[in-house]
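Visitor:
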Amino acid sequence: MDALADRLKAGDAEAFEELVRTYGGRLRAVALSVLHDPADADEALQEGFLAAFRSIGRFEGRSQLGTWLHRIVLNAALMKLRAKRSRPDQDGEELLPQFTSNGVFAERQDDWGPEGVEDEVARGELCARVRECVAELPEKFRIPLMLRDVEGLSALEMAERLGTTANAAKIRLHRARQALRTLLERQRVGVAA
Amino acid sequence: MTCKQCEVDVHEYLRGTLSAAARAEVERHAAECSACGDLLRRCQELTCKDFVEFLNDYLDGDLDGQRHSVFDQHLSDCPDCRAYVASYRRTMELSVTALRGELAVPEEIPERLLQAIHDSRKQR
Numbered sequence: 020m021d022a023l024a025d026r027l028k029a030g031d032a033e034a035f036e037e038l039v040r041t042y043g044g045r046l047r048a049v050a051l052s053v054l055h056d057p058a059d060a061d062e063a064l065q066e067g068f069l070a071a072f073r074s075i076g077r078f079e080g081r082s083q084l085g086t087w088l089h090r091i092v093l094n095a096a097l098m099k100l101r102a103k104r105s106r107p108d109q110d111g112e113e114l115l116p117q118f119t120s121n122g123v124f125a126e127r128q129d130d131w132g133p134e135g136v137e138d139e140v141a142r143g144e145l146c147a148r149v150r151e152c153v154a155e156l157p158e159k160f161r162i163p164l165m166l167r168d169v170e171g172l173s174a175l176e177m178a179e180r181l182g183t184t185a186n187a188a189k190i191r192l193h194r195a196r197q198a199l200r201t202l203l204e205r206q207r208v209g210v211a212a
Numbered sequence: 413m414t415c416k417q418c419e420v421d422v423h424e425y426l427r428g429t430l431s432a433a434a435r436a437e438v439e440r441h442a443a444e445c446s447a448c449g450d451l452l453r454r455c456q457e458l459t460c461k462d463f464v465e466f467l468n469d470y471l472d473g474d475l476d477g478q479r480h481s482v483f484d485q486h487l488s489d490c491p492d493c494r495a496y497v498a499s500y501r502r503t504m505e506l507s508v509t510a511l512r513g514e515l516a517v518p519e520e521i522p523e524r525l526l527q528a529i530h531d532s533r534k535q536r
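These protein sequence lines are chains A and B, in that order.
Count along the first sequence starting at 1, add 19, and that's the number in the numbering used here.
Count along the second sequence starting at 1, add 412, and that's the number in the numbering used here.
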């Protein structure tokens, strides 16, 4: 377990300042990469740190403290992004693939074409659009996706965090990826023209 | 009907988009041609829905050897599932890249923001 995390759990006031000084600048850049507005990014950062302070007792050291904070601040920024667009949390089941009664895809599946976005600017824009799609995911999909893709947790670690079984956590992650795939396809993100 | 045409039409046959005449043509060809008959049977035994439901296990290598081979065969048979797997893999890569990201050189947090975070923490 991180020594700083231990001090935070013990309520050491200096540890909180050290935490914010150590990670604040980097995490502000994370929030800004999602929100593109310094004032909104600062608010998300503040909300993220408050959420982290409240839940530090649950930090188990399975990922690095910085990675854990990254996920929390990123989630705060994504929720703010969605709130700005006034999109309510939907069920998300409509984002899963549809099949006929014969179990065949209801619609022919498009080939997404070749990969590879070499240009740095285009790559930045692509990532921004992917984050917008993640922001649209309902929480039941967004959280497992971030536990895996940001914190890199195993199925068992995700299960402990989500209060479920490893198998159920794997299924939620799989559905989250399917839902994100649908949103990316709808916006033609990463899809060759 | 040629086998090549039948390979294409089998998926539309199962999707239910073919006319009655075209359906009859697929059924007639599948009855006469053992390769196409096998293809139709395989697509009915392991459906796209089954394939997609266990796609994560397939990609993670969590299926047992025999089941994995059946999934390999379905992927070889089914253009829809091949396209879906490619886009699913791309989604996984894009998600990690966009969320984990390559961050800029860390900046120092402005003092006013540091103070605001401390103040808000004390208020709660």
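Just so it is clear, CB atoms sit at the ideal spot from N, CA and C, and this is done for glycine as well.
#1: Go ahead and label R194 (chain A) buried or exposed: buried means 16 or more other beta carbons lie within 10 angstroms of its beta carbon, across all protein chains shown.
#2: Taking the beta carbon of T201 (chain A) as the centre, do at least 16 other beta carbons fall within 10 Å, making it buried, or is it exposed?
#3: Based on DSSP bridge pairs, tell me the residues matched to F78 (chain A).
#4: Here's the rule I'm using: 16 or more other beta-carbon atoms within 10 Å means buried, otherwise exposed. How should A32 (chain A) be labelled?
#5: Which residues in the same chain have their Cβ closer than 8 Å to the Cβ of M413 (chain B), if we skip the five residues on either side of it in sequence?
#6: Please classify S52 (chain A): is it buried, with 16 or more other beta-carbons within 10 angstroms of its beta-carbon, or exposed?
#7: State whether the segment 36 to 52 of chain A contacts the segment 521 to 529 of chain B, with contact taken as three or more CB pairs (one from each stretch) at a distance under 8 Å.
#8: If you count every other CB in all the chains shown that lies within 10 Å of the CB of V92 (chain A), and 16 or more means buried, which is it?
#9: Cβ closer than 7 Å: which chain A residues qualify as neighbours of C460 (chain B)?
#10: Nearest CA to the CA of Q361 (chain B): which residue from B:L451, B:D531, B:L526 and B:V464?
#11: Show which residues of chain B have a CB atom less than 7 Å away from the CB atom of R191 (chain A).
#12: With 8 Å set as the bound, which would you pick, yes or no: does the beta-carbon of G44 (chain A) sit closer than that to a beta-carbon of chain B?
#13: Please classify T184 (chain A) as buried or exposed, where buried requires at least 16 neighbouring CB atoms within 10 angstroms.
#14: Would you call the segment 110 to 123 of chain A and the segment 149 to 160 of chain A touching, i.e. three or more CB-CB distances under 8 Å?
#15: Put F466 (chain B) into one of helix, strand or coil per three-state DSSP.
Guide: On the basis of the data shown:
#1: By the 10 Å Cβ count, R194 (chain A) comes out buried.
#2: Label assigned to T201 (chain A): buried.
#3: In DSSP, F78 (chain A) forms no bridge with anything.
#4: By the beta-carbon neighbour count (other beta carbons within 10 angstroms, threshold 16), A32 (chain A) is exposed.
#5: Here the set comprises D421, E437, V438, R440 and H441.
#6: A residue is called buried once 16 or more other Cβ atoms fall within 10 Å of its Cβ, and S52 (chain A) is buried on that count.
#7: Short answer: they touch.
#8: Its Cβ being crowded by 16 or more others within 10 Å, V92 (chain A) is buried.
#9: Among the residues of chain A, those whose CB is under 7 Å from the CB of C460 (chain B) are F118, G122, V123 and F124, following chain order.
#10: In the structure as shown, chain B starts at 413 and stops at 536, and residue 361 (chain B) therefore has no counterpart that could be examined.
#11: Correct list: empty, because the minimum Cβ distance to chain B is about 10 Å.
#12: By this cut-off, G44 (chain A) is an interface position.
#13: It is exposed - the Cβ of T184 (chain A) has fewer than 16 other Cβ atoms within 10 Å.
#14: Judged by pairs of C-beta atoms under 8 Å, the segment 110 to 123 of chain A touches the segment 149 to 160 of chain A, as three or more such pairs exist.
#15: Taken through DSSP and simplified to helix, strand or coil, F466 (chain B) comes out as coil.
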